[in-house]
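Residue numbers (UniProt numbering): 1 to 204. All residues carry an ideal CB built from backbone N, CA and C; glycine is no exception. As structure tokens, the structure follows; a few thoughts come after it.
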């Protein structure tokens with residue numbers, strides 16, 4: 001058994017990252033499209049992601065600063081055009097989603113890299129992935145920065161203003177897990193499927 005008081009025996013950022021990714025899992029994946037003021041589009045996946053609020057509907061995801069302590073294109077774009085589309089890809093688009101995690105120069109289009117069609121998202125100027133079964137159109141509420149050192153996080157709080165969802169997945173009340181085939185992020189290069197589920201009744 002190991003105990004770490006970080007102020008006395010600090011772990012490196014890399015070690016903490018591996019510990020988080022290996023224990024806080026599976027993590028849902030936000031596949032986020034943004035664009036800059038010139039209309040250059042970016043698309044990138046983030047597995048530090050979840051629901052923050054339902055009323056109002058707010059999602060949160062956290063792009064880390066890169067190895068030089070610089071923000072990723074998603075953050076720079078949100079500061080210029082404060083809106084984004086958060087997609088849930090499901091397993092059907094996992095290869096395309098993975099392709100968009102490549103480190104491209106600023107201004108290069110991950111939609112084109114992954115061979116993805118863009119379509120309009122209601123209420124926004126940022127496009128969505130046409131083939132994505134679920135997309136949440138969001139306006140930026142806030143970006144919270146946790147420092148400027150490499151791997152510091154930038155928490156993005158994004159309010160949902162429009163929703164696209166495939167009718168094969170949503171019947172107006174329930175989501176079909178079998179149709180969506182959601183995936184989760186594990187450590188390293190690993191992903192998880194939700195094909196082995198169990199239920200528990202919540203206590204009254």
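Pull up the distance between the alpha-carbon of residue 123 and that of residue 182, whole angstroms please. Here residue 123 refers to the residue found at position 123 of the chain shown. Here residue 182 refers to the residue found at position 182 of the chain shown. Between the C-alpha atoms of residue 123 and residue 182 there is a straight-line separation of about 26 Å.
Can a CB atom of chain B be found closer than 9 Å to the CB of residue 4? Absence of chain B from the displayed structure is noted, only one protein chain being present.
Along the alpha helix (DSSP H) that carries residue 20, what are the first and last residues, could you check? Within the chain shown, residue 20 is the residue found at index 20, counting from 1. Per DSSP, residue 20 belongs to the alpha helix (DSSP H) from 13 to 23.
Among 19, 136, 41 and 34, which has the Cα closest to the Cα of residue 89? Along the chain shown, one-based indexing puts residue 89 at 89. Closest by alpha carbon: 136.
Using a Cβ-Cβ cutoff of less than 6 Å, which residues in the same chain neighbour residue 145 once the five nearest sequence positions on both sides are dropped? Within the chain shown, residue 145 is the residue found at index 145, counting from 1. Closer than 6 Å at the Cβ level, and outside the excluded window around residue 145, lie 154.
Decide yes or no for the touch test of the segment 49 to 65 against the segment 152 to 168: beta carbon pairs closer than 8 Å, at least 3 of them. Touching, per the Cβ criterion.
Neighbourhood of residue 208 by C-beta, 7 Å cutoff - its chain only, sequence neighbours within 5 removed: Residue coverage of the chain in this structure runs from 1 to 204, which leaves residue 208 outside it and unanswerable.
Start and end of the alpha helix (DSSP H) containing residue 41? Reading the chain shown from its first residue, position 41 is the one you call residue 41. Unbroken run through residue 41 is the beta strand (DSSP E), 41 to 46; no alpha helix (DSSP H).
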